[in-house]
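Numbering (my numbering), first residue to last: 91 to 636.
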């Protein structure tokens, strides 16, 4: 049956809203799908719905176990197999991301199939457009000369008339200005084959970092997207994700995640939505400087919070009972907070208080603020190299992280390289033979989580036993031992040697030292200087004045 263009929206034309619910993931004869169906998208009048499905009972031509794309004419019950060739051969790999035009005549989607177009014989995800009336299928992730992309493309979106398709791509052969594999936004004119790089500046300079979340206004006049690029607008020189709108006819690019006075948002913004003309844009933001009424959600909390973007759970203070979904950034309280990101690019801001910031995977922005703040890489799957002074981090979960106002680092279970600055730093190397250089300041190395006793010599700059095995130390004045029997030796500086549990041996040498053994039968050797020891009856103490 030919597909007619969708009519006017009943809600716009004054028709009544109804509470009728229809099951759309059914075959033409009404048989329910035998597996999952998801990612629906509606035509403007709600008559046609496109969706992806794993079902093998919706169309006789589709008996494979891959995700396929379907379009359902809800009033008539007719079902269209979209992810198929002009002559009805279903794709031989998964197809995803359906988007239907407002008039309901066309569906775009991505597919890894290698049998939908003669020029597409690789496993890259490509973008296709299907005309439901004619059955014609068009490969649109191509250059103006019709050359198929050499990378992957995802997340397509259609204009109202289905003539413009927006998609995200890592290809390097779609535009002469794009020779890297960062994610870029493209706009393809289906009728003419023209393609334009939307994630570029007014002067045509390609973005120097990833762009995503591309959408097109129904009018096809403007495109919105989010970007980490730092060269698209003179006001945007950081790696914070921002939202832009591109006017295609003039190639003018506007930074829209900014205040009325043009001040750029100070935290992540993304997930834009456009009005029909594209002159209005809505977006999500963690920024606190876009509107005077928008302050950080936890900055007034009466107590510290613990928030994880992995579990989506908030605990403590104002975060108690919170469910956190679809968020890339967290701002803390004036108290000690424990903030954890997920596998994406997160922005964690501790604020005042002694905070622990765990970015997780992805290129994260970790900002401590006032207090003793710690970046934790304890769960990293590989060794990390973190330089607090430079604010940089690489390796494992640290790759691409940006650190500001962070004083402490928790390393991984592997051989890490941790470098401090002129402030007072605290390093926990954890397992592995770590290279720890604290720099200037009064610095601590912690072994409190070691599974056995440690031997640390600040004069020789060596360490052994438990988590200290293989560590090299430079610039430290203080040591926190394990819960076992430790041997901690200082240097000529004023040292703090803290034994924790176990029968510890603490040697301060020169300088005004503080030797604390806590529990256990400890041995103190303070050396020169005015030294303080916490010995009790039965413990050995030499040269302890206090």
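Note that CB positions come from ideal geometry on N, CA and C, so glycine has one too. Small disclaimer: the values here were computed from a predicted structure and weren't measured.
Just measuring C-alpha positions, the residue of 246, 479 and 222 sitting nearest residue 230 is 246.
Counting along the chain, the unbroken beta strand (DSSP E) around residue 220 starts and ends at 216-221. Here residue 357 is near residue 330, since their CB atoms are less than 8 Å apart.
If you keep only unbroken beta strand (DSSP E) runs of at least 3 residues inside the stretch 144-185, you get 158-163 and 169-171. Each residue's CA atom was taken as its position, placing residue 355 and residue 193 some 36 Å apart.
In this structure residue 422 touches residue 441 by the C-beta definition: roughly 4 Å separates them, less than 8 Å. A residue is called buried once 16 or more other Cβ atoms fall within 10 Å of its Cβ, and residue 307 is buried on that count. Comparing alpha carbon positions, the residue from 407, 378, 299 and 338 closest to residue 435 is 299.
Annotated as proximal: residue 524 and residue 501, with beta-carbon spacing under 8 Å. Between residue 309 and residue 250, the C-beta spacing is below 8 Å. For residue 487, the secondary structure class from DSSP, reduced to helix, strand or coil, is helix. Within 10 angstroms of the beta-carbon of residue 128 lie fewer than 16 other beta-carbons, which makes it exposed. Measuring C-alpha to C-alpha distances from residue 363 to each of 264, 349, 333 and 381 identifies 333 as the nearest.
Contact between the stretch 469-480 and the stretch 308-328 is absent: fewer than 3 CB-CB pairs across the two stretches fall below 8 Å. Contact holds between the stretch 615-624 and the stretch 594-606, because three or more Cβ pairs, one in each stretch, are under 8 Å apart. The beta carbons of residue 209 and residue 197 sit no closer together than 8 Å. Here residue 211 is exposed: its Cβ has fewer than 16 other Cβ atoms, across all protein chains shown, within 10 Å.
Residue 405 and residue 388 have their C-alpha atoms some 12 Å from each other. Considering only 515, 609, 381 and 206, the residue with the shortest C-alpha distance to residue 351 is 381.
With a threshold of 16 other beta carbon atoms within 10 Å, residue 576 meets it and is buried.
Distance from the Cα of residue 301 is smallest, within the candidate group 376, 560 and 273, for 273.
The residue among 244, 281, 598 and 233 with its C-alpha nearest the C-alpha of residue 253 is 281. Under the DSSP assignment, residue 586 falls in the beta strand (DSSP E) whose first and last residues are 586-588. Taking a cut-off of 8 Å for Cβ pairs, the stretch 171-190 and the stretch 199-207 touch, as three or more such pairs fall below it. For residue 130, the enclosing beta strand (DSSP E) starts and ends at 127-132. Taking 8 Å as the cut-off, the beta carbon of residue 431 is found no closer than this to the beta carbon of residue 458. Counting only runs of 3+ residues, the beta strand (DSSP E) found wholly inside the stretch 357-440 occupies 359-364, 371-375, 396-398, 403-405, 419-421, 428-430 and 437-439, in chain order. Sequence-distant Cβ neighbours of residue 139 in its own chain, meaning closer than 8 Å and more than five residues away, are 114, 130, 131, 132, 133, 161, 162, 164 and 190. Nearest Cα to residue 462 within the set 499, 262 and 418: 499. Short of 8 Å from the beta carbon of residue 116, and not among the five residues preceding or following it, lie these beta carbons of its own chain, in chain order: 122, 123, 148, 162, 167 and 169.
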